[in-house]
Each structure stands twice: as structure tokens, then as C-alpha cells.
Amino acid sequence: MLSEILTERNELNAAYHPVHSVSVSAGVINQVEYLGRSFAAKDTAHYHVVYNGDIVYTKSPTGNQPFGIVKQSHCLTPAAVSPLYGVYQPCSFEIGNYLHYYFLNPLNTNNYLSPLIQKGAKNTINISNQRFLENRVPLPIDDMEIQLVSDSLSALDKKIQFEYDVLTSLEIQKKFLLGNMFI
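This is the structure in C-alpha cells:
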């Protein structure tokens with residue numbers, strides 16, 4: 014059960030940390046930086062605080078994830094999220110990272126959440142933050158294996174990002190060269 018490896022974080026935003034949202038593609042993101050504005054209430058003191066490594070569950074259906082999105086926060090400073098989100102502290106960063114990668118697959122997310130959720134009027138999702146913890150995820154038995162899987166997946170992500178950055182740089186260089194070639 015996830016309740017054995019995650020603990021709900023109920024800390025409120027008394028320090029007024031910047032408001033973040035959860036994006037399918039970008040994870041936990043600053044609303045102003047990513048969306049250009051904040052969609053938060055005027056007073057965010059009742060929002061939940063998220064720390065680096067926490068798992069965040071938003072009950073907003075989107076695309077091929079009709080039961081919501083589950084992501085690990087990689088924000089280096091504390092952030093605030095809507096009180097509609099569930100925020101959970103994993104027993105270790107590596108467990109949180111493993112869950113983050115597990116829930117990247119929409120099929121895994123849907124299979125995990127489907128038996129827990131009741132759909133309400135107008136397709137609203139009814140699930141409590143505690144109910145979210147009441148299902149199982151396949152986990153390696155050994156802590157070293159969890160560490161290895163977590164580290165390997167993170168290294169692959171860094172390599173993919175590096176290659177993407179190289180591609181972007183080469184595309185900029187190509188545009189520059191083509192722009193100056195015919196002057």
C-alpha cells in the first residue's frame with residue numbers, strides 16, 4: 014500500500030510560498046513562470062506546502078489521464094499548491110522518484126487510480142487524500158534496487174535533456190549560418 018511509503022503532508026502555506034501547479038509534461042511548475050500568471054486565490058495561506066521530493070496528486074483530468082496526474086516535486090525551494098491537491102512525503106527521495114517514473118505511464122496511473130475513484134456529477138473526481146494511499150504499486154523489495162532504478166532513470170532523463178539542449182543549440186546555429194550565408 015502506498016500508505017506504507019507515503020505520508021500526507023498537511024502543512025499550510027503560512028510563509029506564502031509561490032503558487033505552483035502540476036503539468037503533465039513539466040511536472041510541478043511555478044504558475045507565473047510557466048503559465049504567465051497566477052490562477053490562485055488572493056489569500057493562499059490555506060494552500061498546501063510542497064518540498065523537493067514530495068509526491069503531488071492533482072485530481073484534474075487531462076488528456077489520457079482521466080483520473081489526474083501524479084508527479085514528484087523537483088522544486089528546490091518550498092512551493093504552495095491548491096488545497097485540492099494531495100501532497101505526500103515519501104519515506105525516501107528514491108521511493109518518490111521511483112513513484113514519479115511509475116506514474117509517468119498513463120496506463121499505470123489509470124490502473125492505480127481507477128478502483129479508488131468515484132466519478133461525480135459533471136465528471137468530477139471524488140477521492141480523498143487518504144483514499145489515494147489505499148492501493149498498491151509494484152516496488153522492488155531491496156532498497157539498493159530502488160536506489161539503482163531511481164538513479165538509472167534520473168541519469169537517462171539528464172542524458173535526454175542534454176541531447177535535447179545540444180539539438181536546440183545546433184538548430185540555432187543552423188539558422189544563424191543560413192541567415193548569413195546569402196548576405
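Just so you know, we're using our numbering here: the sequence shown kicks off at 14 and counts up by one.
The beta carbon of each residue, even a glycine, is placed where N, CA and C say it ideally should be.
query, result
"Continuous beta strand (DSSP E) stretch holding threonine 20: start and end", "19-21"
"Whole-number beta carbon distance between valine 41 and histidine 87, since they are thought to touch under 8 Å", "7 Å"
"Where serine 73 falls: helix, strand or coil (DSSP)", "coil"
"Burial state of serine 182, where buried means 16 or more other Cβ atoms lie within 10 Å", "exposed"
"Simplified DSSP assignment, three categories, for asparagine 139", "strand"
"Proximity winner among His113, Ala39 and Glu184, relative to serine 167 (alpha-carbon distances)", "His113"
"Separation of leucine 48 from alanine 28, as counted between CA atoms", "22 Å"
"Touch test, the region 144-159 against the region 110-125, Cβ-Cβ under 8 Å, three pairs minimum", "yes"
"Spatial distance of serine 73 from glycine 81 (CA atoms)", "5 Å"
"Serine 95 versus phenylalanine 106 - alpha carbon distance", "22 Å"
"CA-to-CA distance, alanine 93 to tyrosine 60, given in whole angstroms", "6 Å"
"Local Cβ density within 10 Å of threonine 137, reported as buried at 16 or more and exposed below that", "exposed"
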